[in-house]
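Residues 1016 to 1102 in this note's numbering are what the sequence shown spells out, letter by letter.
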Amino acid sequence: MAETIAVHVPRDSLGSELSEALDARRLHAELVDGDESCSLRVSFAEAEHDRLMAEVTVAIDSWLAERDLPLVVQRADGGFVLRPPGD
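So, in structure tokens, the structure goes:
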């Protein structure tokens, strides 16, 4: 089962808006209504491996851009290969 955290909000409308904002950041937020409260149950929307691959891609792309290196990132064998474009 995925790890979750609770985020308590003062009303449903804020919970819905926050859920959409979290979704844009690859987080899943389920609205949980209580008798007198509203909360979100938040977890990662993707599996840990998928999140790791996405974060590593962003970090490598940023590193390559900072150094102006003429390489691209390609997924291969569960990891990555840095190669010249067009290869």
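Using N, Cα and C, we set each Cβ at its ideal position, and we do this for glycine too.
Look up residue i in the DSSP assignment and say whether it is helix, strand or coil.
i: ARG1090; result: strand
i: ARG1066; result: helix
i: LEU1084; result: coil
i: ALA1044; result: strand
i: ALA1060; result: coil
i: SER1077; result: helix
i: ALA1036; result: helix
Ordered along the chain, which non-local residues of its own chain (more than five positions away) have a Cβ less than 6 Å from that of residue i?
i: PRO1100; result: VAL1087
Mind checking residue i: buried by the 16 CB within 10 Å criterion, or exposed?
i: LEU1029; result: exposed
i: ALA1044; result: buried
Restricting to Cα atoms, I'd like to know which of the options is closest to residue i.
i: VAL1071; options: ALA1062, PRO1025, PHE1095; result: PHE1095
i: THR1019; options: VAL1047, MET1068, ARG1082; result: VAL1047
i: SER1054; options: ASP1065, PRO1025, ARG1066; result: PRO1025
i: ARG1090; options: GLU1081, ASP1076, ALA1080, LEU1084; result: ASP1076
i: GLY1049; options: GLU1081, HIS1023, ARG1098, LEU1033; result: HIS1023
i: ASP1092; options: MET1068, LEU1084, ARG1082; result: MET1068
i: SER1052; options: TRP1078, GLU1081, ALA1074, ASP1027; result: ASP1027
i: LEU1079; options: GLU1032, ASP1102, LEU1097; result: LEU1097
Less than 9 Å between CB atoms is the rule here; does residue i satisfy it with respect to chain E?
i: PRO1025; result: Going by chain labels, chain E is absent from the structure shown, which holds only one protein chain.
By Cβ distance, which residues of its chain are closer than 7 Å to residue i, with the 5 residues on each side in sequence left out?
i: SER1034; result: ALA1044, LEU1046, LEU1055
i: ALA1017; result: SER1058, PHE1059
Would the stretch 1058 to 1070 and the stretch 1029 to 1049 be scored as touching if the rule is three or more Cβ pairs under 8 Å?
-> Yes, the stretch 1058 to 1070 touches the stretch 1029 to 1049.
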